[in-house]
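Quick notes on the structure that follows.
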Amino acid sequence: MVSTEEYGTARRGASERPADPAAADAIVVEDVGRTFAVRRGRAAGEVTALSGVSLRVARGEVHGLLGPNGAGKTTLCRILTTTLEPTTGSARVLGLDVTRQSRAVRRSIGLVFGGDRGLYGRLSARENLWFWCAMYGLRRSALRARTELLLDRVGLLDRADARVDTFSRGMKQRLHLARGLVGDPRVLILDEPTMGMDPVAALDFRALVAELRAEGRTVLLTTHDMAEAAAVCDRVSLIDRGRLLMTEDTDAVGRLLSGYERVVAHGVSAGLARRVGALTGVVAVRHEADRLEAETERPSATARVLGVLAAAGVHQVSTARPDLAEVYLHLVGRRGMGVT
Amino acid sequence: MSLFLAALRLQLRLAPRSPGTLQVWATAPLFTAVFLSIAEHAHRTDLASFSVVAPTLMGQWALTLGIAGEIIAEERNQGTLEAVIATPGRFSVVVVARILAVSLLGVTTMAEAWLVAGLGFGRWIDVPHPVVLAAALLANAAAMAGTASILSSLFVLMPSARIVQNTLTYPLYLLSGVLVPLSALPAWAGAVGRAVFLSWSADLLRAALDGPAVPRPVTRIAVVALLGLSGYLIGALLLSRVLRRVRRLGTLTHT
Numbered sequence: 001m002v003s004t005e006e007y008g009t010a011r012r013g014a015s016e017r018p019a020d021p022a023a024a025d026a027i028v029v030e031d032v033g034r035t036f037a038v039r040r041g042r043a044a045g046e047v048t049a050l051s052g053v054s055l056r057v058a059r060g061e062v063h064g065l066l067g068p069n070g071a072g073k074t075t076l077c078r079i080l081t082t083t084l085e086p087t088t089g090s091a092r093v094l095g096l097d098v099t100r101q102s103r104a105v106r107r108s109i110g111l112v113f114g115g116d117r118g119l120y121g122r123l124s125a126r127e128n129l130w131f132w133c134a135m136y137g138l139r140r141s142a143l144r145a146r147t148e149l150l151l152d153r154v155g156l157l158d159r160a161d162a163r164v165d166t167f168s169r170g171m172k173q174r175l176h177l178a179r180g181l182v183g184d185p186r187v188l189i190l191d192e193p194t195m196g197m198d199p200v201a202a203l204d205f206r207a208l209v210a211e212l213r214a215e216g217r218t219v220l221l222t223t224h225d226m227a228e229a230a231a232v233c234d235r236v237s238l239i240d241r242g243r244l245l246m247t248e249d250t251d252a253v254g255r256l257l258s259g260y261e262r263v264v265a266h267g268v269s270a271g272l273a274r275r276v277g278a279l280t281g282v283v284a285v286r287h288e289a290d291r292l293e294a295e296t297e298r299p300s301a302t303a304r305v306l307g308v309l310a311a312a313g314v315h316q317v318s319t320a321r322p323d324l325a326e327v328y329l330h331l332v333g334r335r336g337m338g339v340t
Numbered sequence: 001m002s003l004f005l006a007a008l009r010l011q012l013r014l015a016p017r018s019p020g021t022l023q024v025w026a027t028a029p030l031f032t033a034v035f036l037s038i039a040e041h042a043h044r045t046d047l048a049s050f051s052v053v054a055p056t057l058m059g060q061w062a063l064t065l066g067i068a069g070e071i072i073a074e075e076r077n078q079g080t081l082e083a084v085i086a087t088p089g090r091f092s093v094v095v096v097a098r099i100l101a102v103s104l105l106g107v108t109t110m111a112e113a114w115l116v117a118g119l120g121f122g123r124w125i126d127v128p129h130p131v132v133l134a135a136a137l138l139a140n141a142a143a144m145a146g147t148a149s150i151l152s153s154l155f156v157l158m159p160s161a162r163i164v165q166n167t168l169t170y171p172l173y174l175l176s177g178v179l180v181p182l183s184a185l186p187a188w189a190g191a192v193g194r195a196v197f198l199s200w201s202a203d204l205l206r207a208a209l210d211g212p213a214v215p216r217p218v219t220r221i222a223v224v225a226l227l228g229l230s231g232y233l234i235g236a237l238l239l240s241r242v243l244r245r246v247r248r249l250g251t252l253t254h255t
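Going line by line, the protein sequences match chains A and B.
So the first sequence is numbered by UniProt numbering: it starts at 1 and just counts up by one.
So the second sequence is numbered by UniProt numbering: it starts at 1 and just counts up by one.
Shown next, in the form of structure tokens:
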């Protein structure tokens, strides 16, 4: 990857402090909270988007921020990219405070959105990148060279002069990533980067993230897709309702997810439901009418549940993995909300 | 390519297909026809230059004011506002360059008005001072961009600022002597009008089309430029404060 410094044209104001090369962690979030004022009719209120969030992301780490819609992922991204100030706490990127040294932070980061938004659809990919390069102080030959380099890197060189609104979702996403890289950032914030992407494009995207990791860049990636996080992240943090539930190695969360299973059966009596609930490894049972839903925390428990149901003559049975929200519930029940 | 030129180029690529631009190109000849008809009816053929300058400045100001708000609204809608704010580039430079691009496009309404006067009314208006005219048009376009950038900060703060935008058009045309010379207005209105760059621009443009000589052209163009620069500086200061405020309030992406 050719760095901006090699082109030698990115301008820095004399008063701007550069990123701290000695900062051990690329991203440090300490007890960050964010509330928003809301007005319903005449009543004024407050909504908490983030509460007491603390997080450290090491240099060169690909970190996943997992959570359902409205969990607070984007709010945290906005704080780290300086477009939103925290109400409480502090956050630093490469040792720079996002509130007090916001301009210097903006030089060190790249922001990548998911979906269709964030690009000028009536312009070509090349024209888009020219503009974004100029936003990072690149000029003339450096600007053009960097644009061509990035277009080539994300595989859009042959469509460089086509209008962006004619692009597929995957192509737009590649352009988003190119835009995020125009400033040659050491830290990249990817907010739902694979939203709406088809599986092939998502796989391509994962390969690009792997390249970024190989270049030593730090990546904070928000997603609600566990499989995506497992494929590209070193560690993941689970966030829900503005609180960080846990931060773990991706493997640990993967094991956690693969351990949990849900068994759904029809034609189950109340007595049989109680017997299932009493089995070892069954962590939750819901029984309505003749429908049973049993959550298990390991595969052997699932086998036991299936055995009991089969022995009782219940044949309408299915199993499924729980979604992320259900895993959250397990985590909250097992470790408490304060675990980080 | 500096950020200023990149933003100018971006807007020049976007603007010609914008409905706002097309609307002004469509209405400028109509305004010219109205003003010329009135002048002809009153047997005041000496006012032909007024009939060309007024629709030019009106169309240009409508375009400029429109884009000052549209930039923010469109950036919000297409999700680019947040991305732009998250870069180290100065947003005030982007805003003023993009407004200037549209303001420069608005200069073409003068050609429309001139053609309407000639083709429609047989009044082919001479241009005895083409250099002054060109310089005045350029200075005026820059001053319009600088002044209109003040409104952009208002749009960042309040997405519903369109009402302010709409109410700023006709009073300004009147107060700045675009429709009638300041000398025809009450003394207090004339004094207020002198503080508006448009009054200087309108006088200069009319003089460049009318008079045997244009008195103090450099000074008058400098006044237009200085008033425009003041507008830009106020706009940049306001934008910086407003951005700080919306970062604190969390309303940057509100539509």
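Built from N, CA and C at the ideal position, the CB exists for glycine as well.
Fair warning: this is a prediction, and the values are worked out from it, not measured in the lab.
Listed along chain A is no residue with a C-beta nearer than 7 angstroms to that of B:R76; the closest approach is about 10 angstroms. Unbroken beta strand (DSSP E) runs of no fewer than 3 residues, entirely contained in the segment 23–57 of chain A, are found at 25–40, following chain order. For A:T88, the secondary structure class from DSSP, reduced to helix, strand or coil, is strand. DSSP places B:M110 in the helix class (H, G or I) of the three-state scheme.
A:R235 does not reach chain B, its nearest Cβ partner there being about 24 angstroms away, counting only Cβ pairs nearer than 8 angstroms. Within the same chain, A189, V192, G193, V196 come within 7 angstroms of B:L175 by CB-CB distance, once the 5 residues on both sides are set aside. Residues of chain B with a Cβ closer than 8 angstroms to the Cβ of A:G137 are, in chain order, L3, P88, G89. When C-beta atoms of the segment 44–52 of chain B are compared with those of the segment 202–218 of chain B, three or more pairs fall below 8 angstroms, so the two segments count as touching.
Residue contact with chain A for B:L100: absent (no Cβ-Cβ distance below 8 angstroms to any residue of chain A). Nearest neighbour of B:L179 by Cα position, chosen from B:F121, B:A145, B:G59, turns out to be B:G59. In this structure, B:V93 and B:A7 form a Cβ contact; the two beta carbons are roughly 7 angstroms apart against a cut-off of 8 angstroms.
Proximity to A:C133 across A:D116, A:L151, A:G121, A:R117 peaks at A:L151, based on C-alpha coordinates. Annotation: B:A139 has no Cβ neighbours in chain A at a cutoff of 7 angstroms; minimum Cβ distance is about 25 angstroms. Nearest to A:G52 by C-alpha distance, out of A:V283, A:R139, A:T88, is A:T88.
Distance check between A:V268 and each of A:L292, A:R126, A:T302, A:T81 places A:L292 closest, using alpha-carbon atoms only. Taking C-alpha positions only, A:R274 is separated from A:E295 by approximately 13 angstroms.
Look at B:L252 here: in three-state DSSP terms it is coil, with no helix or strand label. Remark: fewer than three beta-carbon pairs, one from each stretch, lie closer than 8 angstroms, so the segment 129–143 of chain A and the segment 213–220 of chain A are not flagged as touching. Looking at the backbone, the Cα of A:A71 and that of B:V24 are separated by about 46 angstroms. In this model, B:V107 and B:A139 are separated by some 11 angstroms (Cα to Cα). Beyond the five residues adjoining it in sequence on each side, A:A210 comes within less than 8 angstroms, by CB distance, of V232 in the same chain, given in chain order. Residue contact check for B:E70 against chain A: no CB pair falls below 8 angstroms.
Secondary structure at A:D116: coil, using DSSP grouped into helix, strand and coil. Against chain B, the CB of A:E192 has no partner CB under 8 angstroms away; the residue lies outside that interface.
In the structure shown, A:I109 falls within a strand segment according to DSSP collapsed to helix, strand and coil.
Under DSSP, A:R262 shares a beta bridge with A:E295, A:A320.
Interface criterion not met: the Cβ of A:Y260 is under 8 angstroms from no Cβ in chain B. When DSSP states are grouped into helix, strand and coil, A:I239 belongs to the strand group. At a cut-off of 8 angstroms between beta carbons, B:V24 makes no contact with chain A. Proximity to B:T147 across B:L65, B:A15, B:T21 peaks at B:L65, based on C-alpha coordinates. Contact between the segment 72–81 of chain B and the segment 112–129 of chain A is established, with three or more Cβ pairs separated by less than 8 angstroms.
Under the criterion of beta carbons closer than 8 angstroms, B:A62 and B:A143 do not qualify as touching, at roughly 15 angstroms.
In the displayed model, A:G64 falls within a strand according to three-state DSSP.
With fewer than 16 other Cβ atoms from the protein chains shown falling within 10 Å of its own Cβ, B:N166 counts as exposed. By the Cβ test, the segment 105–118 of chain A is in contact with the segment 159–178 of chain A, since at least three Cβ pairs between them sit closer than 8 angstroms. Separation of B:Y170 and B:G177 (C-alpha to C-alpha, rounded to the nearest whole angstrom) is 11 angstroms.
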